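Protein chains in written order, with this note's numbering: chain A, 397 to 608; chain R, 77 to 86. Think of the CB as a built atom: it goes at the ideal place given N, C-alpha and C, for glycine as much as any other residue. In this text, all values refer to a predicted model and were calculated from it rather than measured experimentally.
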C-alpha cells in the first residue's frame, strides 16, 4: 500500500459518499445516470467474487463490502425510492448500456491472463469499469445546469483514476515484476475518457458556453 | 517470477 493507492481509494470513497449524501439528504438524483450506476454495480459484483476465495487484508475486504453495498444501494434508491426516483432524468439518460456490457464480455473472453471463471469475470470488470462512466458523461452534456454535488462526484472519480495511475507507476519501480498490461491499458483508457471530459468541461467553464 | 499482483487493488 503506497500513498497514491491510499489517496486513490479515499478519493473513490469520497465520490461515493458525495453521491449518497445527495441522494440521502437532498433526496435527489438529478443529473445522475442510473445506467452508469448499474454498470458500476455489475463491475463490483463481478470483480469482488474473490471476496470469498482470497483474503488480502481487512482493509481490502472492508472496502470491497463498502463499494458493493454503496453501488447496489444507489441503484436501489434511484429505482425504487419514490422521492428519489421522481428526480431521475429518465428521458435524458438513454445511453444503451447493454451495448457496453456485451463487447466487454467478448473482449474478456478473448483477452485475459488465465481462462478461468473468476479470472475472465475479473478482467470483464476492468474493461467495463473503463467505459462505465460514458452514460454519465452523455447525461451531463445533455443537462444544462448541473449542481455542485454531481460535478464534485465526477471530479472525485476522475481524481481516483489519476491517482491509481500514479500508484501503478510507483509499484512498477518499487515492486519486482509488477507488470499488468490488461489493468494498465483499461485504467489508462478510463482515465483518458475523464481527461477528455474535463478538457471540454474546462473550455465550457472559461468560455461560458455549453458543451458541444 | 514473483511480484505484486493487481488483485490486491480495488
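With a cutoff of 9 Å on beta-carbon distance, residue 486 of chain A and residue 430 of chain A are scored as near each other. Neighbours of residue 576 of chain A in chain R, taken as residues at a C-beta separation under 7 Å, are given in chain order as 82.
Under the DSSP assignment, residue 438 of chain A falls in the alpha helix (DSSP H) whose first and last residues are 430–443. Just so you know, the alpha carbons of residue 567 of chain A and residue 590 of chain A end up roughly 23 Å apart.
The shortest C-alpha to C-alpha distance from residue 443 of chain A to any of A:501, A:483, A:484, A:545 is the one to A:501. Chain-ordered listing is empty here: chain R has no CB closer than 8 Å to the CB of residue 406 of chain A, the nearest sitting near 11 Å. If you draw a straight line from the Cα of residue 518 of chain A to the Cα of residue 480 of chain A, it comes to about 32 Å. In this chain, the alpha helix (DSSP H) harbouring residue 500 of chain A covers 494–506.
By the criterion of at least three beta-carbon pairs nearer than 8 Å, the stretch 409–426 of chain A is in contact with the stretch 542–551 of chain A.
Using a C-beta cut-off of 8 Å, the stretch 522–542 of chain A makes contact with the stretch 568–584 of chain A, since at least three inter-stretch Cβ pairs fall below that distance. Residue environment: residue 432 of chain A is assigned as buried (16 or more neighbouring CB atoms within 10 Å of its CB, all protein chains considered). With 16 or more other Cβ atoms inside 10 Å of its own Cβ, residue 435 of chain A counts as buried.
At a cut-off of 9 Å between beta carbons, residue 560 of chain A contacts chain R.
Around residue 578 of chain A, the same chain offers 507, 508, 509, 519, 522 as residues with beta carbons nearer than 8 Å, after the five sequence neighbours per side are excluded. For residue 530 of chain A, the enclosing alpha helix (DSSP H) stretches over residues 530–538.
DSSP places residue 477 of chain A outside both helix and strand once states are collapsed to three, so it counts as coil. With 16 or more neighbouring CB atoms inside 10 Å of its own CB, residue 516 of chain A falls in the buried class.
A straight-line Cα-Cα distance of about 31 Å links residue 564 of chain A and residue 535 of chain A.
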